[in-house]
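Asks: Protein chains in written order, with this note's numbering: chain A, 1 to 257; chain B, 258 to 271. Don't be surprised by glycine CBs; every beta carbon is placed ideally from N, CA and C.
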């Protein structure tokens with residue numbers, strides 16, 4: 001059988017919020033390593049990849065590798081039934097038709113049990129090569145969310161330009177142009193609230209703000225976001241989640257015709 | 258004009 005108990009159940013709620021608007025259905029792959037998911041959005045422009053390591057659960061039991069084919073909207077609805085301080089357990093059989101979510105209140109006075117039907121999902125798994133990125137930008141996740149929100153008022157796309165002076169986000173639309181420049185903080189120790197840039201080569205790429213805005217739904221999961229950019233390659237937007245894993249999004253750049 | 262490319266064109270299918 002498969003059983004994974006997450007004491008900080010609110011994390012599962014937050015992971016769900018971070019993917020449900022982007023991905024309609026996906027397989028949650030459960031192995032001894034943990035729970036992972038890889039899925040493209042419906043238009044196949046972006047990819048989301050997440051890992052919840054087994055050591056983040058207590059206990060974690062996976063007798064046999066299984067894939068739970070899940071409709072995200074249905075799972076999100078069930079996750080909304082869990083309170084933020086609930087302990088969440090995910091449970092299924094070795095050849096499952098259903099998955100069970102159990103929500104326990106902290107004092108265990110209330111136990112909710114939701115059983116959800118699984119789907120057969122024939123998903124395409126993409127191999128993501130290790131890439132030498134031209135620039136790796138770390139910044140407060142809330143700052144990145146704010147930039148995406150603000151520039152969405154100006155245009156559909158954001159041009160991310162990174163050079164020795166810092167990083168600039170710019171958008172252009174019918175009403176004009178918006179530019180937001182961030183300088184690297186003097187103290188480079190990657191503490192919360194810092195902007196740090198590892199620059200190998202100056203780089204400038206354009207991305208659809210609609211998708212970056214979807215990615216910022218992961219903001220409640222982490223204080224810092226990392227943008228890894230490389231000429232003509234997809235940007236990797238990573239939120240590392242303390243003690244359990246990560247969620248990464250990849251978005252193909254827009255190419256000028 | 259900017260062309261949006263598909264993610265699959267960058268990552269190989271396994």
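Report buried or exposed for residue 263 (chain B), applying the criterion of at least 16 other Cβ atoms within 10 angstroms of its Cβ.
Replies: Locating residue 263 (chain B) in the second chain gives position 6, where the first residue counts as 1. It counts as exposed.
Asks: So for residue 38 (chain A), helix, strand or coil by DSSP?
Replies: The residue you call residue 38 (chain A) lines up with position 38 of the first chain. Note: residue 38 (chain A) maps to strand in three-state DSSP.
Asks: Grab the span of the alpha helix (DSSP H) containing residue 216 (chain A) for me, first residue to last.
Replies: As a position in the first chain, residue 216 (chain A) is number 216, starting the count at 1. Note, residue 216 (chain A): premise wrong, no alpha helix (DSSP H); not H, not E.
Asks: Measure from the alpha carbon of residue 89 (chain A) to the alpha carbon of each residue in A:39, A:13, A:41, then state which is nearest.
Replies: Along the first chain, read from residue 1 onward, the residue named residue 89 (chain A) stands at position 89. The candidate whose alpha carbon is nearest that of residue 89 (chain A) is A:13.
Asks: Compile a chain-ordered list of the residues in the segment 218–250 of chain A whose CB is closer than 7 Å to at least one CB of chain B.
Replies: Correct list: 233, 234, 250.
Asks: Between residue 206 (chain A) and residue 259 (chain B), which are expected to be in contact by the criterion C-beta below 8 Å, what is the C-beta distance as a whole number of angstroms?
Replies: What you label residue 206 (chain A) is simply residue 206 of the first chain in a count that begins at 1. What you label residue 259 (chain B) is simply residue 2 of the second chain in a count that begins at 1. Their Cβ separation, rounded to whole angstroms, is 6 Å, which keeps residue 206 (chain A) and residue 259 (chain B) in contact under 8 Å.
Asks: Taking all protein chains shown into account, decide if residue 247 (chain A) is buried (16 or more other Cβ within 10 angstroms of its Cβ) or exposed.
Replies: Counted from its first residue, the first chain places residue 247 (chain A) at position 247. Burial call: buried.
Asks: In angstroms, rounded to a whole number, what distance separates the CA positions of residue 161 (chain A) and residue 51 (chain A)?
Replies: On the first chain, residue 161 (chain A) is found 161 positions in, with the first residue counted as 1. On the first chain, residue 51 (chain A) is found 51 positions in, with the first residue counted as 1. Cα-Cα distance, rounded: 29 Å.
Asks: Does the pairing of the segment 215–233 of chain A with the segment 115–135 of chain A give three or more beta-carbon distances under 8 Å?
Replies: Counting Cβ pairs under 8 Å, three or more are found: they touch.
Asks: Note down the Cα distance separating residue 252 (chain A) from residue 41 (chain A), rounded to an integer number of angstroms.
Replies: Locating residue 252 (chain A) in the first chain gives position 252, where the first residue counts as 1. Locating residue 41 (chain A) in the first chain gives position 41, where the first residue counts as 1. Looking at the two C-alpha atoms, the distance is approximately 12 Å.
Asks: Any C-beta of chain B sitting closer than 7 Å to the C-beta of residue 261 (chain A)?
Replies: Here chain A comprises residues numbered 1 to 257, so residue 261 (chain A) is not present and cannot be evaluated.
Asks: Spatial neighbours of residue 102 (chain A) within its chain, please: C-beta separation below 6 Å, excluding the five flanking residues on both sides.
Replies: In the first chain, residue 102 (chain A) corresponds to position 102, counting from 1. For residue 102 (chain A), where only same-chain residues beyond five positions count, the Cβ hits under 6 Å are 89, 113.
Asks: Please confirm if residue 95 (chain A) has its CB atom under 7 Å from at least one CB of chain B.
Replies: As a working mapping, residue 95 (chain A) is identified with position 95 in the first chain. Residue 95 (chain A) does not count as touching chain B.
Asks: Please state whether the Cβ-Cβ distance between residue 193 (chain A) and residue 129 (chain A) is less than 7 Å.
Replies: Numbered from 1 along the first chain, position 193 holds the residue referred to as residue 193 (chain A). Numbered from 1 along the first chain, position 129 holds the residue referred to as residue 129 (chain A). Result no, Cβ atoms of residue 193 (chain A) and residue 129 (chain A) do not sit closer than 7 Å.
Asks: May I ask you to report which of helix, strand or coil DSSP gives residue 56 (chain A)?
Replies: In the first chain, counting from the first residue as 1, residue 56 (chain A) sits at position 56. If DSSP states are grouped into helix, strand and coil, residue 56 (chain A) belongs with the helices.
Asks: List, in order along the chain, the chain B residues whose C-beta lies closer than 8 Å to that of residue 183 (chain A)?
Replies: Position 183 of the first chain, counted from the start, is the residue given in the question as residue 183 (chain A). By Cβ distance, chain B contributes nothing, its closest Cβ being about 28 Å from residue 183 (chain A), past 8 Å.
Asks: DSSP beta-bridge partners for residue 113 (chain A)?
Replies: Along the first chain, read from residue 1 onward, the residue named residue 113 (chain A) stands at position 113. A:102, per the DSSP bridge assignment.
Asks: Please tell me whether residue 179 (chain A) has its Cβ less than 7 Å away from any Cβ of chain B.
Replies: Within the first chain, numbered from 1, the residue matching residue 179 (chain A) stands at position 179. Chain B contact via Cβ: absent.
Asks: If we cut at 7 Å on Cβ distances, does residue 50 (chain A) have a partner in chain B?
Replies: On the first chain, residue 50 (chain A) is found 50 positions in, with the first residue counted as 1. So no, residue 50 (chain A) is outside the interface.
Asks: Please return the same chain residues whose Cβ sits closer than 7 Å to the Cβ of residue 222 (chain A), not counting the five positions on each side in sequence.
Replies: The count along the first chain starts at 1 and reaches residue 222 (chain A) at position 222. So the list reads 141, 239, 240, 241, once near-sequence residues are dropped.
Asks: Taking 7 Å as the CB-CB cut-off, is residue 155 (chain A) touching chain B?
Replies: Residue 155 (chain A) sits at position 155 when you count from the first residue of the first chain. Taking Cβ atoms only, chain B never reaches closer than 7 Å to residue 155 (chain A), which makes this a no.
Asks: Kindly indicate if chain E contains any beta-carbon less than 7 Å away from that of residue 136 (chain A).
Replies: Of the protein chains in this structure, namely A and B, none is chain E.
Asks: List the residues of chain B that residue 254 (chain A) touches, going by C-beta distances under 8 Å, in chain order.
Replies: Here the question's residue 254 (chain A) lines up with position 254 in the first chain. Within 8 Å Cβ-Cβ: 259, 260, 261, 262.
Asks: Contact check, residue 39 (chain A) vs residue 123 (chain A) under 8 Å by CB: the rounded distance?
Replies: Taking the first residue of the first chain as 1, we reach residue 39 (chain A) at position 39. Taking the first residue of the first chain as 1, we reach residue 123 (chain A) at position 123. Correct: roughly 6 Å between the Cβ atoms.
Asks: Taking beta-carbon pairs under 9 Å, can you tell me which members of the segment 13–41 of chain A lie near chain B?
Replies: Residues 40, 41.
Asks: At the 7 Å Cβ level, is residue 45 (chain A) part of the contact set with chain B, yes or no?
Replies: Your numbering for residue 45 (chain A) matches position 45 in the first chain. Chain B, which has a Cβ nearer than 7 Å to the Cβ of residue 45 (chain A), makes this yes.
Asks: Does the beta-carbon of residue 201 (chain A) have 16 or more other beta-carbons within 10 angstroms, so that it is buried, or is it exposed?
Replies: By 1-based counting over the first chain, the position of residue 201 (chain A) is 201. Label assigned to residue 201 (chain A): exposed.
Asks: Which of helix, strand or coil does DSSP assign to residue 76 (chain A)?
Replies: Start at 1 with the first residue of the first chain, and residue 76 (chain A) comes out as number 76. In this structure, residue 76 (chain A) counts as helix in the three-state DSSP scheme.
Asks: Taking residue 107 (chain A) as the reference, give the member of A:85, A:115, A:173, A:120 with the closest Cα.
Replies: Reading the first chain from its first residue, position 107 is the one you call residue 107 (chain A). Nearest option by C-alpha distance: A:85.
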